[in-house]
Structures are given as structure tokens and as C-alpha cells.
Amino acid sequence: MNRLPLHAGMLLCLATAAAPTAFAQNPPTGVVYGCYNSSTSGPSFTLVDGSNYQSRQGGTGRYTYDAATGVLTMLTGPYEGIRYIKETSAFSFRELRDNTMTMTSTSCPVNVGKDPNKRPW
């Protein structure tokens with residue numbers, strides 16, 4: 416009996432389970448958002464649950480997400496005051512400049528290759 420199709424099917428199921436689904440209402444939690452701009456990496460983070468985040472360095476804070484506007488706001492912790500907006504990509508945010516809705520060059524896509532429990536990312 417050839418077990419290759421069975422193993423390939425199992426791997427496909429595992430890969431599908433590990434990948435986040437599109438967020439219509441809330442962004443995926445338990446994944447790393449790896450931020451970068453054209454020349455450097457930015458303030459990468461993971462959304463631990465519906466209101467808490469963790470920074471790349473391990474600091475923690477609270478956040479809110481407004482599904483109507485797609486704006487993610489870091490309320491406390493090391494990234495306090497930083498705001499992001501959901502990009503057209505289903506799995507990415509773009510940092511917002513100050514108190515405007517102007518996007519910066521910093522993009523924060525989900526990086527499924529990173530384990531949020533194993534830093535540094």
C-alpha cells in the first residue's frame with residue numbers, strides 16, 4: 416500500500432490548520448505579525464487574545480481593534496500609542512502616522528513561519 420497520498424493529505428490538513436483565516440471581524444490571535452519597512456524591521460508583535468498583545472522583546476500590553484474601520488490601537492505597554500490599519504491583504508496591517516489615517520511604509524503581515532512562543536522572532 417502506498418502511504419504517500421495519506422501523508423501528503425495529513426500535511427495539507429496541518430498546514431491549513433496552522434494558517435490564519437481571513438479576519439472579517441477580528442484579526443487572528445496567536446500568530447506573529449512581522450513588521451518591516453523598506454530598510455529595517457519594525458515593532459513586530461503577537462495578539463495573544465482579543466485584548467492583549469506581546470512585543471518582540473516579550474513586553475505586554477493591551478490593544479483594541481475596531482472592525483468597522485480596521486484600526487488596531489496599542490493602548491498600553493511597549494507599543495503604547497502605535498496604531499495600525501488592516502491592509503487589503505487579509506493577513507496584514509500597515510502602521511498609521513500619528514493621529515491621522517495616513518499609512519506609513521511599515522507593513523505588518525502575518526508570518527506563519529514564526530512561533531509566537533519562541534523569541535526572538
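Quick note on the numbering used here: the sequence shown kicks off at 416 and runs consecutively.
C-beta atoms are modelled at their ideal positions from N, C-alpha and C, and glycine is treated no differently.
Fair warning: this is a prediction, and the values are worked out from it, not measured in the lab.
query	result
Write down the C-beta distance between arginine 534 and glycine 465 rounded to the nearest angstrom, noting that I regard them as a contact closer than 8 Å.	Not confirmed; about 22 Å, so no contact.
Label glutamate 510 either buried or exposed according to how many other C-beta atoms from any shown protein chain fall within 10 Å of its C-beta, with 16 as the threshold for buried.	buried
Check whether the Cβ atoms of valine 525 and proline 443 sit closer than 8 Å, and answer yes or no.	yes
Restricting to Cα atoms, I'd like to know which of Asn514, Ala483, Val446 and Tyr478 is closest to methionine 489.	Tyr478
In chain order, what residues of the same chain lie with their CB nearer than 6 Å to the CB of glutamine 469, ignoring the 5 residues before and after it?	Thr461, Val463 and Thr475
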